[in-house]
Each structure stands twice: as C-alpha cells, then as structure tokens.
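Notes follow the structure.
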Amino acid sequence: MEVQSVEFCKAQAHIWNQVFSFTTCASLKCAVQLGIADAIDDHGKPMSLFYLTKALQINPSKAPYIQRLMGILVNSGFFSQDKLSYYSLTPSSRLLLKKEELNLRGAVEIMLDPAELKAWSSLSDWFKDEKCRTTFEMAHGKNFWDFCAEESIHGEIFNRAMSTDSQLISKLLVTEYKFLFEGLTSLVDIGGGTGTIAKAIAKSFPKLKCTVFDLPHVVANLESKENLEFVGGDMFERIPNANAILLKIVLHNWNDEDCMKILKKCKEAILGKEKSGKVIIIDIVMDSKKEDYESLQAQISMDLQMMVLLDAKERREKEWAILFQKSGFSGYKIFSMFDYRSIIEVYP
C-alpha cells in the first residue's frame, strides 16, 4: 500500500484503535469504581466538570485529570457532553448505576478483573502448548472453577455478575416469555444458585412447583418454601423429574461431549415423570444477530471467552441441532431475545 493512500491511513487507524481498545475498557472500569454515573444521576441534571470532581471521592490533586478520563468515556458513548461541557448519562451509563436493579456493573468487574486479563495474555503461548486445556489454566495453574473456589474475592465478583444477569433474565421470562411456562406443573432450574430465576417464576405461577437444582454446597443453607424447593446434586448423575428443565447459560460452559451427557439426563428427567415436556435453554445462538453489530460482536467475544476460561464454546444453530439430535430429542424452536442471546425450546 502507498503510505499516502486512504487505504493505508484507514488500516493504520484501525490497528491503533484496536491496540488502544484496552484504554476504553480500563476507563469504563475506572468509571464504575469511582461512581461517575451515580454522581451525575444524584446531581439530577447535567453536571459540570467542577461539580463532578467535587462529588467524586478522589485525591484533590487528581481532579484536573478527570476531564481527560471523561473524554474517552464520552467518545465511547458512555456519557454525553453538551456545548457548555456539562455531562449527562446515556442509556449505557444508566446500566452502570448502583440503584438500577438490572445493572451491568458486575459484568464490567468480572470481565476486567486482573485474573481474567492475565489469562488472555497467555493466549499465544496456549496455542503452542500441548498440556493445558485453557489459557486460564496456563496462567494460574488451575482451572477456572477451582480458582473461583479458592480465591474468594474473585468468586464473589463472579457470583455478583451472575446474580445480576439472573435478575435480568427472570424479569424477561415472567413478562415477555411467560408463555413458556403456561400449562406446566413442575420445573427444574439447573444451576439456579440462590434461585433468582426460579423465585420469579414461582411467584408468577403459584401452582407451578419450581426446584432449584445445584451443587450441594451451593444450596445447603437455602430454605424451601411454598412452591419453591432447593435440591442438591450432580447434573451428570441425576436430575429431578419435572415437566420442564431450565438451563440458563449452562451449556456454553461445557464441551459437546459433556453437553450431550447433560441433555440426556434432562431427557430422562422429563420422560421419567410424563411422556411430554421440554427443555428450556437460554444461551447464545451464534450468527443469529448478524444485522446488529453490537450483539454480533458480543457473541463472538463471548465465544472466545469460553475458549479462554473453560475450553467450551458458543454454538451456531446447526451445532445446537446436532447436539439435540444426538441426545435423543425430536425437535426445537428458537426465540430471539432482546440482547445477544436466545431461548431454545427443545422437545423430547
């Protein structure tokens, strides 16, 4: 390419922008930790730089640098700035508010945690390695789940992120996708943790018996009440019988072989009670959002995240179909969600 050509200039800018993309991530994490969105929201109107720096709990000597931080945050669409240089929230920064029930603060914290970033730095070495299953294992000497169990702070950050996501999913399920549960008498939520989703479903459907099925230590101290029950166990061994099995962001954590084991256990659980039923999967269907750049980018990024952390993956519709067929299911139906994920209804 000619150095002075438009093509060369665009290519150069593209590479520099990608090289410096970490600055946006780091600035976003900083904004969350400093509470910039909360400060502007508490102000109740567009906020000047002077009042913003006064509201933040920072060292006074660092106040002049906030303007430079806000520059990249405005340019990235997290805040807006008017002609008088007053800052306001955007739809993205509203999802960073502490008071917002359905916020994404946890996602920012876990994805940009030093432990996760360290794993990404080992990616090229992992491609040349024969022993380590994941780059996370190469970076930390243990798999992701063992690391979360041993490093309590990281585990807490991860659990917060998952809890917030479950709140978002539960709100959607009992409103936009309420039809999925109509006519059911029993439901098992696999990997439901503290039961955020199951609680919402149980409340919306008082006659539906909801069971949260997770590892024994996860549900050990959780109390069953009314139509909500907590049961400990191993999904690879046995799943409680029910009309329907709910798998929310579970299968993308496992390779194809393990997914088939889980799905076969789900089928056994359904057929063990009645000759009808279904599995409800909430997960990514790759390439289902081609027309939406942001959602497509999120799908591609999450797929690579699963490779780096868990030796797992996101799947295209054809890959899902093969899994269902090999696991003994007769058919499925996909419902596109508002974000980068989908709901898949799978039939025995």
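Under the working numbering, the residues of the sequence shown are numbered 132 to 479, in order.
Every residue gets a Cβ at the ideal spot worked out from N, C-alpha and C, and that includes glycine.
Check: Alpha helix (DSSP H) segment containing Gln428, residue limits; Outcome: 424-441
Check: Whether Glu360 touches Val349 by CB criterion (9 angstroms); Outcome: no
Check: Member of Thr316, Ala351, Thr325 whose CA lies at the smallest distance from the CA of Lys340; Outcome: Thr316
Check: Under 9 angstroms between C-beta atoms of Thr155 and Ser207; Outcome: yes
Check: Cα-Cα separation, Ala292 to Ala333; Outcome: 23 angstroms
Check: Alpha-carbon spacing of Pro195 relative to Ile189, whole angstroms; Outcome: 11 angstroms
Check: Beta carbon of Gly322 nearer than 9 angstroms to that of Asp296; Outcome: no
Check: For Leu180, three-class secondary structure by DSSP; Outcome: helix
Check: Per DSSP, the bridge partner or partners of Met417; Outcome: Arg447
Check: 4 or more residues per run - each alpha helix (DSSP H) lying fully within the segment 365-404; Outcome: 387-402
Check: Terminal residues of the alpha helix (DSSP H) in which Gly237 lies; Outcome: 236-242
Check: Beta-carbon proximity list for Thr221, same chain, < 8 angstroms, skipping 5 on both sides; Outcome: Gly208, Phe209, Phe210, Ser211
Check: Per-residue burial, Asp213 [other beta carbons within 10 Å of its own, 16 or more giving buried]; Outcome: exposed
Check: Which of helix, strand or coil DSSP assigns to Ile189; Outcome: coil
Check: Exposure of Ala329, with buried meaning 16 or more beta-carbon neighbours within 10 Å; Outcome: buried
Check: Cβ neighbour criterion (16 or more within 10 Å) applied to Asp320; Outcome: buried
Check: Coil, strand or helix - Ser467 by DSSP; Outcome: strand
Check: Whether Leu441 touches Asn384 by CB criterion (9 angstroms); Outcome: yes
Check: Same chain only: Cβ atoms within 8 angstroms of Asn386, ignoring 5 sequence neighbours per side; Outcome: Asp442, Ala443, Lys444
Check: Residue span of the alpha helix (DSSP H) that contains Glu268, given as start and end; Outcome: 266-271
Check: Cβ neighbour criterion (16 or more within 10 Å) applied to Trp451; Outcome: buried
Check: Segment contact flag, the segment 419-429 with the segment 463-477, C-beta cutoff 8 angstroms, min 3 pairs; Outcome: yes
Check: Residues that DSSP places opposite Lys356 in a beta bridge; Outcome: Leu359
Check: Distance between beta carbons of Leu228 and Asp172, contact taken as under 8 angstroms; Outcome: 6 angstroms
Check: Phe139 versus Ile146 - alpha carbon distance; Outcome: 11 angstroms
Check: Three-state secondary structure assigned by DSSP to Gln213; Outcome: A small correction: the amino acid at residue 213 is Asp; Gln does not occupy that position in the sequence shown. Three-state result, Asp213: coil.
Check: Local conformation of Ser207 per DSSP, three classes; Outcome: coil
Check: Beta-carbon gap between Ala373 and Ile412 smaller than 9 angstroms; Outcome: no
Check: For Phe344, the three-state DSSP class (helix, strand or coil); Outcome: strand
Check: Simplified DSSP state of Leu228, which is helix, strand or coil; Outcome: coil
Check: The segment 275-286 contacting the segment 298-310, beta-carbon criterion three pairs below 8 angstroms; Outcome: no
Check: Counterpart residues of Tyr478 in DSSP-defined beta bridges; Outcome: Gly462
Check: Met366 to Gly459 span [Cα, whole Å]; Outcome: 17 angstroms
Check: DSSP state of Val305 mapped onto helix, strand, coil; Outcome: coil
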